[in-house]
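> Got a structure for you, questions after.
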Amino acid sequence: MLFFEIIGQDEIKQRLIQTVKKGRIPHAQLFCGISGVGKLPLALAYAQYICCTDRQSDDSCGKCPSCVKFAKLIHPDLHFVFPIVKNEAKKLTVCNDFLPEFRQQVLENPYLTEDEWITSIAEGKQGQIYTNEGDEIIRKLSFKAYESEYKVMIIWQPEKMHESCANRVLKIIEEPSEKTVFILVSNQPEEIIATIQSRLQRINIPPIADSCLYERLSERGVVGDDADFFVRSAQGSWSALRGLLEAHETQQEYFRLFVIMMRLAWTVDVKEIRDLIETLASFGREGQKSFLEEAQRQLRENFILRLGHWQLNFLTKEQEAFAQNFSKVINEANIIPIMEEMQLAAAQIEQNANAKIVFFDMILVLNRLLKTKK
């Protein structure tokens, strides 16, 4: 990973580069910040710069044997620790067992989120850095560097370490072997045990500047009001913005159906309600739950507008145009009952209730609630 490939964060890049130029590389650092701001890419670029044999003034050369191996994440002096889900039956019990998949995921998306990673290996499970990973860390770092002056260990999501594993890491950090660099990359640094936190040099990675996000959107042909909406909603996270882009078409369809549903809840046109329900029933359970989540978001935003806080909304121009009138029927008396009705519908769908009956019943209840006066 080269520094120039990372979105924004120029000040942090220079700070890291200077530690190498001045020969003052801290042996244990903590890169922390919200998800999607580039912590892992920065850790990778920093490790590559440390090991590069032909460093440039502001980046790795990208051509030396070390950089070529870093580009594939296969450098023998680069080590990874990350959350996994054990599979005893397949003898997948430590990070190294998942390393090929992890490398592929990171190479495809350096801004990989923990949820994306865990879902790719064991959907519906919780990731953890298990106790026996402590032995693996000790084993890996017991050897001398193979090719570079330094060994670099990147611990991604260290807050997921089991306490016994964390205690072993603590001992290594307290008594580091020569020319060994630890980079811990965390979304929730407060969850790391205090004794480890106190021994790390903390680097807070800020949200990505809006100007950098606008530039990336422009490269993808997203400009104007759409770009404004995405940047405002992403709040400095490339992962969040990427997710918004991927979900944009689906969200547009959900909004279209939300508008239809609210109008039918007001007019109670039974024939059109049946048509709408047929469409919603075709989404499947997860799609129906996602639609209800988006409907609740729209209701929250409309209530905020009803209170007069237009500057706080996260709506597109099209959604704002609808909200100009619709927000007038959302008030303190009905917002909570409407939200509860949608939450009930989602819970019933989760329990495999008949979606057509659930949505039909919900729309009839919404008819009464929407006409509730303040």
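Note that the sequence shown covers residues 1152 to 1525 in this note's numbering. We put the beta carbon where it would ideally sit given N, CA and C, even for glycine.
(1) Pick helix, strand or coil for Q1165, following the three-state DSSP scheme.
(2) Identify, in the order they occur along the chain, each residue of the same chain with its Cβ nearer than 7 Å to the Cβ of K1507, setting aside the five sequence neighbours on each side.
(3) Could you tell me the distance, in whole angstroms, from the CA atom of T1467 to the CA atom of K1190?
(4) Run through DSSP, which three-state label would A1179 get?
(5) Quick check: what's the CA-CA separation for F1510 versus L1224?
(6) Does the Cβ-Cβ distance between L1181 and L1395 come in under 8 Å?
(7) DSSP on S1337, reduced to helix/strand/coil?
(8) Can you tell which of D1512, E1325, E1342 has the C-alpha that lies nearest to the C-alpha of V1421?
(9) Identify the residues that DSSP records as bridge partners of H1230: which are they?
(10) Compute the Euclidean distance between the alpha carbons of F1231 and K1525, then round it to the nearest angstrom.
(11) Output the residue ranges of the alpha helix (DSSP H) runs that lie fully inside the stretch 1336–1375 and measure 4 residues or longer, sorted by chain position.
(12) So for Q1279, helix, strand or coil by DSSP?
(13) Applying the 10 Å Cβ sphere with the 16-neighbour rule, what's the burial state of Q1470?
(14) What separation, rounded to the nearest whole angstrom, lies between the Cα atoms of R1166 and D1209?
(15) Please name the residue or residues paired with M1125 in a DSSP beta bridge.
(16) Under a Cβ-count criterion, where at least 16 other Cβ atoms within 10 Å of its own Cβ denotes burial, should G1375 be classed as buried or exposed?
(17) With DSSP collapsed to three states, give me the class of N1476.
In short, the structure shows the following:
(1) The count along the sequence shown starts at 1 and reaches residue 1165 at position 14. Of the three classes helix, strand and coil, the one that applies to Q1165 here is helix, per DSSP.
(2) As a working note, residue 1507 is residue 356 in the sequence shown. I1428, A1432.
(3) Translated into positions along the sequence shown, residue 1467 becomes position 316. Translated into positions along the sequence shown, residue 1190 becomes position 39. Spanning the alpha carbons of T1467 and K1190 requires a straight line of approximately 29 Å.
(4) Position 28 of the sequence shown, counted from the first residue, corresponds to residue 1179. Judged by DSSP in its simplified three-state form, A1179 adopts strand.
(5) Stepping through the sequence shown from its first residue, residue 1510 is reached at position 359. Stepping through the sequence shown from its first residue, residue 1224 is reached at position 73. Between F1510 and L1224, the alpha-carbon positions lie close to 49 Å from each other.
(6) To locate residue 1181, count along the sequence shown from 1; it is residue 30. To locate residue 1395, count along the sequence shown from 1; it is residue 244. Against a cut-off of 8 Å, the Cβ pair of L1395 and L1181 comes out as no contact.
(7) Taking the first residue of the sequence shown as position 1, residue 1337 is located at position 186. Residue state, collapsed to three classes: strand.
(8) Taking the sequence shown and counting its residues from 1, one reaches residue 1421 at position 270. Per the Cα distances, D1512.
(9) Within the sequence shown, numbered from 1, the residue matching residue 1230 stands at position 79. According to DSSP, which records beta bridges pairwise, H1230 is partnered with M1304.
(10) Numbered from 1 along the sequence shown, position 80 holds the residue referred to as residue 1231. Numbered from 1 along the sequence shown, position 374 holds the residue referred to as residue 1525. Rounded to the nearest whole angstrom, the C-alpha separation of F1231 and K1525 is 57 Å.
(11) Qualifying alpha helix (DSSP H) stretches, in chain order: 1345–1348, 1361–1370.
(12) Along the sequence shown, read from residue 1 onward, the residue named residue 1279 stands at position 128. Assignment of Q1279 by DSSP, reduced to helix, strand and coil, places it in the strand class.
(13) In the sequence shown, residue 1470 corresponds to position 319, counting from 1. Q1470 counts as buried, since no fewer than 16 other beta carbons sit within 10 angstroms of its beta carbon.
(14) As a position in the sequence shown, residue 1166 is number 15, starting the count at 1. As a position in the sequence shown, residue 1209 is number 58, starting the count at 1. Answer to the nearest angstrom: the Cα atoms are 11 Å apart.
(15) The displayed coordinates of the chain run from 1152 to 1525. Any statement about residue 1125 would go beyond what the structure contains.
(16) If you number the sequence shown from 1, residue 1375 lands on position 224. Per the 10 Å Cβ criterion, exposed.
(17) Residue mapping note: residue 1476 aligns to position 325 of the sequence shown, counting from 1. Helix.
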